[in-house]
Amino acid sequence: MTGSEETLRKTPLHALHLELGAKMVPFAGYDMPVQFPTGVLKEHLHTREKAGLFDVSHMGQAFLGGDNPAKALERVTPADVQGLKEGMQRYGLLLNDRGTIIDDFMFTHLAGEKELYLVVNGATKEGDFAYMADKLKGIATLMPKPDRALLALQGPAAGRVLEKLSPGIDTLTFMHVRRATVAGCPAIVSRSGYTGEDGFEISLEGKDVEKIARALLADPDVLPIGLAARDSLRLEAGLCLYGHDIDETTDPVEANLVWSIGKRRKMDKDFPSGEKIMSRLLNGTEKKRVGILPVGKAPAREGTEITDKSGRVIGKITSGGFGPSLNAPVAMGYVDSAFAKDGTEVDLMVRGKANPARIAPMPFVPNRYKRS
Amino acid sequence: MSEVRYTDQHEWVRLDGDTATVGITKHAAEQLGDVVFVEVPEAGRKVGAGGEAAVVESVKAASDVYAPVGGEVTEGNAALADEPAKVNADPEGDGWFFKLKGVSKDEFAKLMTKAQYDEFVKGL
């Protein structure tokens, strides 16, 4: 074991992953399962056909308290936090003063509760929490919850499976959240996820998570799923991976995430670099995040140069690989805005060869969220 | 009578006369996971020992496959274009990558035997 591996953190499900035969890799500072003996292709397809269980306990969970935490949070995100109804969650971008993206996150207004519940990315959580605590000092109090664990149960069988352990939970619809009891354990359950499928994210006390994971895995429709399939599922769903598709060099406009800016916020421009971002929305940006479908079978990986048909470099792939549900390669990346229209023909420079591809709408696989 | 040798890059090579068949080992296939794309060299291409000759891609990543010995490509395994999963199903059989002619027996003899390779893998 090397020195860096020794310092890797473990989620409360680490021993269960090993017991299930997972191949472990370092991810976001944790020793995490990249795949199980099922294998990434079958894990991916099984999630879309039945249900997959993901350990996402590396992600950062916190509560934000204070006199008006929703109003406070709007200092660092362009999302409409104050307008979020009770029992619902929403996607937001954490922006620095330059208006570029520090992270993307989910925020929740639990029914009857004043504090907001937040979930941020694992690799960025320390920085996010320090930034929020600093920016919101005196008006809100951030309370990180490092002892909480997080499970994602994703796929068309998720509702049926979780209903057995938490009667009534299947009535939740997409982006709704409630406190619930799962097999006797207190949980925060949201109908959401990162796969494009129906499903849940289940926040639990760390001490309870193994019991719940085992209870979910006892259903024959549920398989444990690793990070590799999580990545191919989210890519087919057209969802951004922080640190790859968005980072502190991208802003919400070029990242095509303007939908996450609240209507009231657009009018008031009262968020970091609000004036600049709204002017960029009006006047356009040099580059745009787009979906890309290679014409042939060869995947184009992150970092692959995108050229126009004359060979001029017009962009770069930020996520790329093989989409098991499409049985074809898929990618996303940034191109000069003049080339961002769906159907535009481009080339991808893979091992010195120009592989034809076209700009394509995302998601690549239709979302199947439970909307009613 | 053919003989199989192995490289520390996890290729196998089977020599029949001066013709060699090359693929990746069972260990390599297991490490890669599900193979989704393979690019094999065209007939007529000359490769040197240790030179990049093919590409194998899993869902997650792309890896080069090197020629264990020098020679001229006589055939790439065209079946892998449609069925890259053959590499996982039968890495040291149907999942072969390419064939070479004009192979040097001396180069071949420098490669690891099955016992040496198994020992090498155990030490990883």
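From first to last, the protein sequence lines stand for chains A and B.
Just so we're aligned, residue 0 is where the first sequence starts under numbering that gives the first Met the number 0, counting upward by one.
Just so we're aligned, residue 0 is where the second sequence starts under numbering that gives the first Met the number 0, counting upward by one.
Ideal Cβ placement from N, Cα and C applies to all residues, glycine included.
Within 10 angstroms of its Cβ, does residue i collect 16 or more other Cβ (buried), or is it exposed?
| i | result |
| --- | --- |
| A/Glu285 | exposed |
| A/Gln153 | buried |
| A/Glu253 | buried |
| A/Leu17 | exposed |
| A/Ser189 | buried |
| B/Leu110 | buried |
| A/Asn120 | buried |
| A/Ala217 | exposed |
| B/Lys121 | exposed |
| A/Gly198 | buried |
| A/Gly2 | The pLDDT assigned to A/Gly2 is 47, lower than 50, so where the model puts this residue is not dependable, and the model offers no usable value. |
| A/Leu219 | Note that residue 219 of chain A corresponds to Pro in the displayed sequence, not to Leu. Classification of A/Pro219: exposed, given that the 10 Å Cβ count is below 16. |
| A/Asn255 | buried |
| A/Thr37 | buried |
| B/Ala114 | exposed |
Just how far apart, CA to CA, sit residue i and residue j?
| i | j | result |
| --- | --- | --- |
| B/Leu14 | B/Val46 | 16 Å |
| A/Thr6 | A/Asp96 | 33 Å |
| A/Gly64 | A/Leu115 | 7 Å |
| A/Gly205 | B/Gly92 | 47 Å |
| A/Lys381 | A/Val221 | Nothing in the structure corresponds to residue 381 of chain A, since chain A is present only between 0 and 371. |
| A/Cys239 | A/Asp230 | 10 Å |
| A/Ile100 | B/Tyr116 | 48 Å |
| A/Thr28 | B/Lys100 | Checking the sequence shown, residue 28 of chain A turns out to be Gly, not Thr. Taking the straight line joining both Cα atoms gives about 48 Å. |
| B/Phe119 | B/Ile23 | 15 Å |
| A/Phe173 | A/Met87 | 9 Å |
| B/Asp63 | B/Phe107 | 20 Å |
| B/Asp81 | A/Lys296 | 9 Å |
| B/Lys104 | A/Arg213 | 56 Å |
| A/Leu15 | A/Ile201 | 17 Å |
| A/Met361 | B/Ser1 | 51 Å |
| A/Gln34 | A/Ala21 | 6 Å |
| A/Gly40 | A/Pro323 | Note on identity: in this sequence residue 40 of chain A is Leu, with Gly being the wrong assignment. Going from the Cα of A/Leu40 to the Cα of A/Pro323 covers about 6 Å. |
| A/Val160 | A/Leu215 | 7 Å |
| A/Ala327 | A/Met23 | 26 Å |
| A/Gly82 | A/Asp335 | 35 Å |
| A/Thr123 | A/Leu135 | 18 Å |
| A/Lys340 | A/Arg357 | 9 Å |
| A/Glu85 | A/Asp169 | 18 Å |
| B/Phe97 | B/Pro40 | 7 Å |
| A/Ala372 | A/Pro155 | In this structure chain A extends from 0 to 371, so residue 372 of chain A is not present and cannot be described. |
Less than 8 Å between the C-beta atoms of residue i and residue j, yes or no?
| i | j | result |
| --- | --- | --- |
| A/Asp250 | A/Gly98 | yes |
| A/Ile224 | A/Phe53 | yes |
| B/Tyr65 | B/Gly50 | yes |
| A/Gly59 | A/Asp127 | yes |
| A/Ser165 | A/Val176 | no |
| A/Glu209 | A/Phe363 | no |
| B/Val3 | B/Glu10 | no |
| A/Leu109 | A/Arg178 | yes |
| A/Arg367 | A/Gly195 | yes |
| A/Asp56 | A/Ala148 | Checking the sequence shown, residue 56 of chain A turns out to be Ser, not Asp. Result yes, Cβ atoms of A/Ser56 and A/Ala148 sit closer than 8 Å. |
| B/Val102 | B/Asp7 | no |
| A/Pro32 | A/Leu226 | yes |
| B/Leu79 | B/Val12 | no |
| A/Ala330 | A/Ala299 | yes |
| A/Ser278 | A/Leu92 | no |
| A/Glu232 | A/His45 | The amino acid at residue 232 of chain A is misidentified as Glu; the sequence shows Leu. Against a cut-off of 8 Å, the Cβ pair of A/His45 and A/Leu232 comes out as no contact. |
| A/Pro143 | A/Ala61 | yes |
| A/Ala228 | A/Ala139 | no |
| A/Ile211 | A/Leu171 | no |
| B/Lys25 | B/Pro90 | yes |
| A/Leu94 | A/Pro271 | yes |
| A/Arg264 | A/Asp133 | no |
| query | So does the stretch 66–81 of chain A actually touch the stretch 63–70 of chain B, counting three or more Cβ pairs closer than 8 Å? | reply | By the Cβ test, the stretch 66–81 of chain A is not in contact with the stretch 63–70 of chain B, since fewer than three Cβ pairs between them sit closer than 8 Å.
| field | Near-chain B residues of the stretch 307–340 of chain A (beta-carbon distance less than 8 Å), N- to C-terminal order | value | The stretch 307–340 of chain A vs chain B, Cβ under 8 Å: Gly320, Phe321, Pro323, Pro328.
| field | Inter-stretch contact (C-beta, 8 Å, three-pair minimum) for the stretch 281–300 of chain A and the stretch 4–16 of chain A | value | These segments do not touch.
| task | Below 7 Å between beta carbons is the criterion; list the residues of the stretch 14–46 of chain A that meet it against any residue of chain B, in chain order. | result | Those would be Gln34, Gly38, Val39, Leu40, in chain order.
| Looking at C-beta atoms only, is the number of pairs between the stretch 12–32 of chain B and the stretch 48–60 of chain B that lie closer than 8 Å three or more? | With contact defined as three or more Cβ pairs closer than 8 Å, the stretch 12–32 of chain B and the stretch 48–60 of chain B are in contact.
| Any 3 or more C-beta pairs closer than 8 Å across the stretch 318–332 of chain A and the stretch 266–283 of chain A | The answer is no - the stretch 266–283 of chain A does not touch the stretch 318–332 of chain A, with fewer than three Cβ pairs under 8 Å.
| task | Check each residue of the stretch 30–46 of chain B: if its Cβ is closer than 8 Å to any Cβ of chain A, include it; give the result in chain order. | result | For the stretch 30–46 of chain B, the beta-carbon criterion of a distance under 8 Å to any beta-carbon of chain A is satisfied by Gly32, Asp33, Val35, Phe36, Glu38.
| task | Determine which residues of the stretch 51–74 of chain B have a Cβ less than 8 Å from any Cβ of chain A, and write them out in chain order. | result | Cβ contacts with chain A come from Val54, Glu56, Ser57, Val58, Lys59, Ala60, Ala61.
| Do the stretch 333–350 of chain A and the stretch 301–314 of chain A meet, that is, are 3 or more Cβ pairs less than 8 Å apart? | Touching, per the Cβ criterion.
| query | If you measure beta-carbon to beta-carbon, which residues of the stretch 110–134 of chain A are closer than 7 Å to chain B? | reply | Residues passing the 7 Å Cβ filter: none.
| query | When Cβ atoms are compared, which residues of the stretch 260–271 of chain A fall closer than 8 Å to chain B? | reply | Result list empty, no residue passes.
| field | Members of the stretch 217–248 of chain A near chain B, C-beta cut-off 7 Å | value | Within the stretch 217–248 of chain A, those residues whose Cβ lies closer than 7 Å to any Cβ of chain B are, in chain order, Ala227, Ser231.
| query | At a Cβ cut of 8 Å, what residues of the stretch 277–302 of chain A count as close to chain B, listed as they run along the chain? | reply | Contact annotation: in the stretch 277–302 of chain A, residues whose CB is within less than 8 Å of a CB in chain B are Lys296, Ala297, Pro298, Arg300.
| query | Just by C-beta distance, which residues in the stretch 137–152 of chain A are closer than 9 Å to chain B? | reply | Listed in sequence order: no entries.
| Quick one, which residues of the stretch 11–29 of chain B are near chain A if we go by CB-CB under 7 Å, in chain order? | Listed by position along the chain: nothing, the set is empty.
| said: If the cut-off is 8 Å on Cβ atoms, which residues from the stretch 343–365 of chain A count as contacting chain B, listed in chain order? | reply: Identification of residues in the stretch 343–365 of chain A having a C-beta nearer than 8 Å to some C-beta of chain B yields Arg350, given in sequence order.
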